[in-house]
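Visitor: Dumping the structure here so I can ask a few things about it.
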Amino acid sequence: MITCGLDLGSGTTKGVLLEDGQRILASAFAPTRGAPVERGRQILELMAEEANILPGDVEYLCTTGAARYAFLDRNLQVSDITASGRGAVFLAPGTRHVVDIGSQSSRAMSVSETGRVIRFKMNEKCAAGAGRFVDRCAKYLQVPLEEMAPKALASAQPKIISSVCAVLAETEIINNVAEEVPLPDILMGVFLSLAQRAYILMRYVGIQPEVALVGGLVKSEAMVRALERTGKISISAHPMGQHAAAIGAAMLGYSRVQKLSSRPGRLPAA
Amino acid sequence: MTLVAGVDIGSTTAKCVLIENGKILGKSLAPVGVELVKDAERSLEQALAETGRGRGEVAVVTGTGYGRFKVTFGQYTVTEIGCHAKGAHFLFPATRVVLDIGGQDTKAIKINEKGEVVDFAMNDKCAAGTGRFLDVCAGALGLDVSEIGSLSLGARHPVKVTNTCTVFAESEVSSYVSRGKEAKDILAGLNASVVSRSLSLMQRVGIEPEVTFTGGVSRNEGVVRTLGYRLKLPVNVSPLSQYVGAIGAALHGLERKEATAT
Amino acid sequence: MGLFPVSLHGGGESVEISHADAALGSFLCSISKSTLELALTSRLAPFRAFVFPYVCDVSRNVEGIFSRVLPGAETYMLHLPQNFHSAATVPFLTAEYRRLIARLEKAGGEPYDPERLAASIELFNQQRAAIADLTATKRNEPGKLTLTESYLVRRLGGLLPREIHIPLLHRVRSELAQRPNRTKDAIRTLLVGPFCEQPTLDLIDLMEQVGCYIVDDELLQIHRWYDRVDPGGDPLTNLASAYVQSPVDIGVRAAPTTKGEAILRRVGAAEAQGVIFLTAKFCEPALEDVVLYRKALEREKIPYLHLEFEERSTSYESARLQLETFVESILFD
Amino acid sequence: MEPTEGTEPKFLATARDEQRRMVDEYYTNLATAGGPKKPVAYMFVGGNLTEIVRSFGYEVVFPEIVGLNCAIKHVSLPNILHAESQGYGLDVCGYVKNDLGLQELGGQTPFGRVPPPDLLVCSFSGCYIYVKWWEALAEKFGCPLVVLDVPYMRAKEPQAEDLQYLVAQLNEFIALLEKRTGRSFDRAELRRVLENSRRAEQGWVDYLDSGRLRPSPIEAYFEAVFYMFPINVLRGTEEAADFYATVNAEVAERVRTGRCPVPEEKFRLVVEGVPPYTNYRTFWDFFRRWGAVSVAATYPKVGGLFDRGFLHDPARPLESIAEYSLGAYVNQSWPLRRKLIEEYVRDFGADAVLIHGIKSCRSFTAGQGDLRDWLIHDLGIPTLYIESDHEDPRYFAPAQIKNRMDAFFESLDQRRGSTPLPMVRS
Ligand SMILES: Nc1ncnc2c1ncn2[C@@H]1O[C@H](COP(=O)(O)OP(=O)(O)O)[C@@H](O)[C@H]1O
Ligand SMILES: Nc1ncnc2c1ncn2[C@@H]1O[C@H](COP(=O)(O)OP(=O)(O)O)[C@@H](O)[C@H]1O
Ligand code: SF4
Ligand code: SF4
Ligand code: SF4
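Residue numbers (the numbering used here), protein chains in the order written: chain A, 1 to 270; chain B, 271 to 532; chain C, 533 to 865; chain D, 866 to 1291.
See below:
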């Protein structure tokens, strides 16, 4: 049986097709660009193509992410925190603590062995602690996103950004540039300051091994190192980490189907 | 006959103005990059190029703006607060309150009949309600800042923007988009939120006519109109509004020069 | 004393803050700002006196500004004692009430009359009893009425004359008796934190929408500050003793025991499966309690969620996300 | 005028060394304190009951002072971050976070270990957060918490109701201390101690009063804050009383030789608000480069408002302790605070007022904007309002603050018309 998880994020839209709650058949990803529903559909089609099935073959579709309600052709929706906890444990079964850094928010959660969220905390007051900040720095410093990590890792003396405000932090970076702080140090400083904020969330929830990073920032090795350095812990980052919430949604969809099919009646739409 | 220059290195743009005999001869405007000293030099060069005068003819260069200390070739520096006051007084002598909204801060300045600063207030919490706020939100709508003023004028049902945090406002904008709100209504909502922040600053110094609006955001007609409407007062906006800081700097430099000469 | 009491819970979402920010500072709760905004924009003209209970430094300081901006009205900062063990507390509070009365007499133009006070105490006793009845229904049969309903009915009590509100509460009670108690598969939740500034209706609604039953709450604490007040004898002394003996255990009263024990006791009493801390943004007394509460809840493995709110928020995405996660973490295995 | 770069401030040399020794001794002594032999009481600075508590053999820890010492030494941030990871939000008072973080991390500071409390004395004069803070400590250490309720000052003089209430509580408190320590209360000893307090207070007041001179031989904010330690922490000891004699002798020397803290006094300021301890020097430099000197300030009166006529009176020990607690600066209502600041401006011949607001402190700060408004619009006194934090370096934005200070002094200078234009070179 094939279930689909769609993570309609504010920055990017991600999807996976899952067979019997176990095997990933296909996955896809695209920037949301303000059109989550359209993007969701495209991704579904892309994945169907990759898995060589028809979109109609998907038996159960579960959405998550900021626009989870907007996508009407769904069977279920779950919160992206619930979903990413499940997904993280699917990707790395020993995980008990998940840090999810996406485009607009960072969350930390402690999870059970099944990936159930026990406690969580997300950044609220300020936007200074998430991927969007990295994007803006990349733009400002004119370094492509993909090149940020390799460059940052060359840093010898990272210059940590002290400002709590995402926008004022930019000014601080400008000042650093003006003061001729080497680029790698500035870049690593960006990741470290993100890591410091995430670390506060992590400690709030309580850190216990193993710790996994999920969300878009898994793509950046510098982020992983920065978290490790800040927390003096080791962090796993699965290459599919950005899809954790989509995977979790597909899994939750699957267990829902199992539950429902043990009862009489048809599958309802949520 | 002294040719003086004012160079305003802001957070977003570098402005330069050349003044002689109370007349503005040349000006330049360009975004700032990371090398502020070079940006400053370039802005002076560009302004000079417009007038055909040579660098050697400039008697005094005064720097202002947050990067004023990068105008290393200048003689003097003055804070942008003093400069916007003087510049606004020069353009509209009856000005008593100056509102300057630039890239990353908003200032309300109370001035006396001589154009001297009596009191001022600046945004302190964060970058909310500044030009950057509008830039980011315009970006979220796929628009350029220069378009948002006129577009917003057509709004019929302005939305309410509650997140004044620049970064969260961006997502609020996206959520309005996904709820099918029209761009003009969102823009009007954003402008209104900038105005209401500014009013709060203006209250601090006390509002009395005339009010002059300066800085890059004064080029946004939506903000200008909303401001006038909320103040129930006419608002002076010069076509040179983004240059007011630079004008003030040039005039300050001139005064200084004259004072030391006598 | 010829005055009609109205409880002012801030200005609500419709008041735009443009003056109060400047007068107060940045890290402050909305209720203080919007209340001050009302004063600064002359919208409180009809009122002749303002009594500020000293619940926290902010409310206290707002009084100081009121006294400047509304020189024509009486303003009084009522010092609510925090020492619940001293023999001197009741006499002090009684004296404090006398000082307040002197001000109110000036404002109302009628002299203080202990008999009228006793009658008023009786009326308020009835109101509190009826409200307690309503909150008990919510605790025992949470499916019978929504939190929004319970809240709105109570909120009216701060605006209407008590003579009208009390029969209204009685009517609500008899109508509730007719209503079926349809219990959903929802999580019995204790709501802690909004004892002063009140959340928006949307947010109050949202908590139950996502699948919680709020079986006990701290909303509108003002109507529940005392148990019954004895109307006989010296009414002022009675009020003062009622204040000292009040079982109310919120962030702005010095704790009778440790905060940890207190929260566990309350969870037990409400038979709650989880706790939602809903604190006003920048409400420091509430925020500091949450830290202590959550330690105790974690020890006992009781799920909780901490959200912050503001008077004027229209976007509930983050709140919804977190509330849903909270519910899902209890429901899903 | 060209502002000069700040030269290193000349503290009163002997007094500085003397104070340094006293501070060291205090922390050294604390390191071995705790337990029944040498019990430790925690107390707040504002309107503190140090004389009573000490007379029962307690060592006293003032977490606020520990906090400001941490901030000056640049070690507050790790404590604050630790507290934030426990759930204390960005907007919770920095003192609270520094202390709770520090306690969780073991209480070790660069100037010595802070011993855990045996008794928490919460006589809260003027800040409700004290109660919350002490509740958290009580929960952590499981030690008794005594709340003494200090009524808020709403009239210029302490009222009979308030005094009676507080004196009654002091008596109950003394009974409790007798029970806990097994000692009996020695009124004569308290009188003797209060005699010392009075002498220290008189010395302190003389010191502060010299700000009236032109040029001012003292810096009534940055320097006075530095010399608050004895008056707040060691009040009642012989040492503290002698200390201010040393200070004043040196002030007299300054007056004689004309060596003042700000060499060319240009602007005389009254300063209101808690200092940004994390950037104490930097902040001070922003003043000095403009020739600005504080001649009077409210913050040095957080412990007690001695310079407006009140001194401890050994003849009426408990009453005067009660009066002292009631009168602490933050326990004064806004109308009283406004009045005081106005008096300072007039009495000390100040040109302007500088308000430093603390983002994470409501008690002191909420309403300072209104104060500013009143000073400027009602009294016509130029006033600058700057916001940062006392403990959290993340809220100190040097460039912004400097910009405001420069603009402010520029405008003062310009309006004074001394030179047509102030010019700042970096
Ligand atoms: N190579 C990379 N290096 C650094 N950051 C990256 C990289 N790739 C993606 N990101 C970050 O990931 C974020 C998107 O994360 P994601 O979890 O997909 O967001 P959301 O679910 O909120 O839409 C982007 O904002 C970007 O900052
Ligand atoms: N044509 C325009 N229409 C509307 N807004 C504009 C326009 N040009 C610039 N702006 C706004 O002005 C801001 C820059 O203002 P400016 O005063 O130059 O800032 P700064 O002095 O801080 O560099 C930009 O952030 C932008 O929002
Ligand atoms: S400080 Fe900056 S990031 Fe934070 S709320 Fe304000 S604008 Fe947003
Ligand atoms: S909401 Fe909190 S901080 Fe605000 S006035 Fe009420 S108790 Fe004080
Ligand atoms: S007065 Fe302010 S700084 Fe002092 S403890 Fe209270 S909140 Fe903190």
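Glycine residues also receive a C-beta, built at the ideal position from the N, C-alpha and C atoms.
Per the contact definition of three or more C-beta pairs closer than 8 Å, is the region 456-470 of chain B in contact with the region 403-420 of chain B?
Guide: Yes: at least three Cβ pairs fall under 8 Å.
Visitor: Decide yes or no for the touch test of the region 311-324 of chain B against the region 272-283 of chain B: beta carbon pairs closer than 8 Å, at least 3 of them.
Guide: The answer is yes - the region 272-283 of chain B touches the region 311-324 of chain B, with three or more Cβ pairs under 8 Å.
Visitor: Cβ of residue 853(C) less than 7 Å from any chain A Cβ?
Guide: Yes, residue 853(C) lies at the interface with chain A (some Cβ there is under 7 Å from its Cβ).
Visitor: Do you know offhand how far residue 1029(D)'s Cα is from residue 1175(D)'s?
Guide: One C-alpha to the other measures close to 18 Å.
Visitor: Do residue 131(A) and residue 102(A) have their CB atoms nearer than 7 Å?
Guide: Contact flag set, yes.
Visitor: What do you reckon, is the C-beta of residue 10(A) under 6 Å from a heavy atom of ligand 6?
Guide: Inclusion of ligand 6 in the displayed structure is not the case, the ligand content consisting of ligand 1, ligand 2, ligand 3, ligand 4 and ligand 5 alone.
Visitor: Under 7 Å, CB to CB, which of the residues in the region 191-221 of chain A have a partner in chain D?
Guide: From the region 191-221 of chain A, only 200, 203, 204 have a Cβ closer than 7 Å to chain D.
Visitor: Out of 775(C), 770(C), 735(C), 768(C), point me to the one whose CA is closest to residue 754(C)'s CA.
Guide: Residue 754(C) has its Cα closest to that of 775(C), out of 775(C), 770(C), 735(C), 768(C).
Visitor: Which residues in the same chain as residue 802(C) place their Cβ atom closer than 8 Å to its Cβ, once the five residues preceding and following it in sequence are excluded?
Guide: Same-chain partners within the cutoff: 671, 720, 722, 747, 748.
Visitor: Which residues in the same chain as residue 409(B) place their Cβ atom closer than 8 Å to its Cβ, once the five residues preceding and following it in sequence are excluded?
Guide: For residue 409(B), where only same-chain residues beyond five positions count, the Cβ hits under 8 Å are 440.
Visitor: How long is the line joining the alpha carbons of residue 874(D) and residue 1095(D), rounded to whole angstroms?
Guide: Residue confidence for residue 874(D) is low, a pLDDT of 49 falling below 50, so the modelled location carries little weight and cannot support an answer.
Visitor: On the criterion of 16 or more Cβ atoms from any shown chain inside 10 Å, does residue 715(C) qualify as buried, or is it exposed?
Guide: By the 10 Å Cβ count, residue 715(C) comes out exposed.
Visitor: At a cut of 8 Å, does the region 679-696 of chain C reach the region 777-796 of chain C through at least three beta carbon pairs?
Guide: They do not touch, by the three-pair rule.
Visitor: Count the other CB atoms, across all protein chains shown, that sit within 10 Å of the CB of residue 209(A); report buried if there are 16 or more and exposed otherwise.
Guide: Counting Cβ neighbours within 10 Å, residue 209(A) comes out exposed, since fewer than 16 surround it.
Visitor: For the candidate residues 136(A), 19(A), 216(A), 63(A), whose alpha-carbon lies nearest to that of residue 99(A)?
Guide: Among 136(A), 19(A), 216(A), 63(A), the Cα nearest to that of residue 99(A) is on 216(A).
Visitor: Going along the chain, which residues of the region 271-291 of chain B sit with their C-beta nearer than 9 Å to a C-beta in chain A?
Guide: Those residues of the region 271-291 of chain B that come within reach of chain A (Cβ to Cβ, closer than 9 Å) are 281.
Visitor: Near residue 1277(D), what residues of its chain come up, given a Cβ to Cβ distance below 8 Å and the 5 sequence neighbours on each side ignored?
Guide: Hits under 8 Å: 1132, 1216, 1217, 1247.
Visitor: At the level of alpha carbons, what is the spacing between residue 43(A) and residue 14(A)?
Guide: The straight-line gap from Cα to Cα measures roughly 7 Å.
Visitor: What residues of chain D sit near residue 162(A), judged by a beta carbon separation below 8 Å?
Guide: Within 8 Å Cβ-Cβ: 1258, 1259.
Visitor: How would you label residue 1194(D), buried or exposed, when you count the other beta carbons within 10 angstroms and need 16 or more for buried?
Guide: Residue 1194(D) is buried by the Cβ-count criterion.
Visitor: From the DSSP output, which residues share a beta bridge with residue 748(C)?
Guide: Paired residue(s): 722(C).
Visitor: Under a CB-based cut-off of 7 Å, is residue 554(C) close to chain B?
Guide: Yes, residue 554(C) lies at the interface with chain B (some Cβ there is under 7 Å from its Cβ).
Visitor: Kindly say whether residue 535(B), judged by its beta-carbon, lies nearer than 7 Å to any beta-carbon of chain D.
Guide: There is simply no residue 535(B) to check, as chain B begins at 271 and stops at 532 in what is shown.
Visitor: By DSSP, does residue 812(C) sit in helix, in strand, or in coil?
Guide: Residue state, collapsed to three classes: strand.
Visitor: Using DSSP with H/G/I as helix, E/B as strand and the rest coil, what is residue 135(A)?
Guide: Three-state result, residue 135(A): helix.
Visitor: Less than 7 Å between the C-beta atoms of residue 990(D) and residue 589(C), yes or no?
Guide: No, the pair does not count as a contact, with Cβ atoms beyond the cut-off.
Visitor: Excluding five sequence neighbours on each side, which residues of the same chain lie with their C-beta closer than 7 Å to the C-beta of residue 1141(D)?
Guide: Correct list, in chain order: 1148, 1221, 1253, 1254, 1255, 1261.
Visitor: Applying the 10 Å Cβ sphere with the 16-neighbour rule, what's the burial state of residue 1044(D)?
Guide: Its Cβ having fewer than 16 others within 10 Å, residue 1044(D) is exposed.
Visitor: Any Cβ of chain A within less than 7 Å of the Cβ of residue 950(D)?
Guide: It does: the Cβ of residue 950(D) has a partner Cβ on chain A nearer than 7 Å.
Visitor: Look at the alpha carbon of residue 174(A) and the alpha carbon of residue 1144(D), and state the distance between them as a whole number of angstroms.
Guide: Distance between the alpha carbons of residue 174(A) and residue 1144(D): 22 Å.
Visitor: Within 7 Å (strictly less), CB to CB, does residue 669(C) reach chain A?
Guide: Cβ-Cβ to chain A under 7 Å: no for residue 669(C).
Visitor: Under DSSP, the beta strand (DSSP E) around residue 1225(D) begins and ends at which residues?
Guide: Where residue 1225(D) is concerned, there is no enclosing beta strand (DSSP E), given that its DSSP letter is neither H nor E.
Visitor: Would residue 1272(D) pass as an interface residue toward chain A - the criterion being a Cβ-Cβ separation below 7 Å?
Guide: Not closer than 7 Å to any Cβ of chain A, the Cβ of residue 1272(D) fails to qualify, so no.
Visitor: Can you tell me whether DSSP reads residue 1124(D) as helix, strand or coil?
Guide: Coil at residue 1124(D), not helix or strand.
Visitor: Where does the unbroken alpha helix (DSSP H) through residue 771(C) begin, and where does it stop?
Guide: Its alpha helix (DSSP H) spans residues 767-777.
Visitor: Buried or exposed for residue 870(D), going by 16 or more other Cβ atoms inside 10 Å?
Guide: Any reading at residue 870(D) needs caution, since the residue's pLDDT is 47, under 50, leaving its predicted position unreliable; the model's value is listed next. Residue 870(D) should be labelled exposed.
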